[in-house]
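Working notes, beginning with the structure itself.
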């Protein structure tokens, strides 16, 4: 299902009535729950989805980073 990802516990925590520990297997959760668990340092993602690549900066933005060029 597209709205679920598989996570692997890296610390011990209580998930509902279940105790999840690092030696337990990976299990599926919703994307929002996976982000919450990862944000708290409890899991890693097993489904390694590619991270979004930032877009290239526009050429004008690159020119403004260096020294200003004198008009000819």
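Residue numbers (UniProt numbering): 1 to 72. Cβ atoms here follow ideal geometry from the backbone N, Cα and C, with glycine treated the same way. None of these values were measured; they are calculated from a predicted model.
If we ignore side chains and look at the alpha-carbon of each, how far apart do residue 19 and residue 11 end up? 10 Å
So, at 7 Å on beta carbons, what are the nonlocal neighbours of residue 21 in its own chain, with the 5 sequence-adjacent residues on each side left out? The answer, listed in chain order, is 9, 12.
Quick one: give me the first and last residue of the alpha helix (DSSP H) that residue 36 is part of. 31 to 39
Backbone secondary structure at residue 42 - three-state DSSP: coil
Identify which residue in 3, 45, 70 has its Cα closest to the Cα of residue 25. When each option's Cα is compared against that of residue 25, the closest is 45.
Can you tell me where the beta strand (DSSP E) with residue 21 in it begins and where it stops? Unbroken run through residue 21: none, as it is neither H nor E.
In the DSSP assignment, what residue or residues form a beta bridge with residue 5? Residue 5 is bridged to 29.
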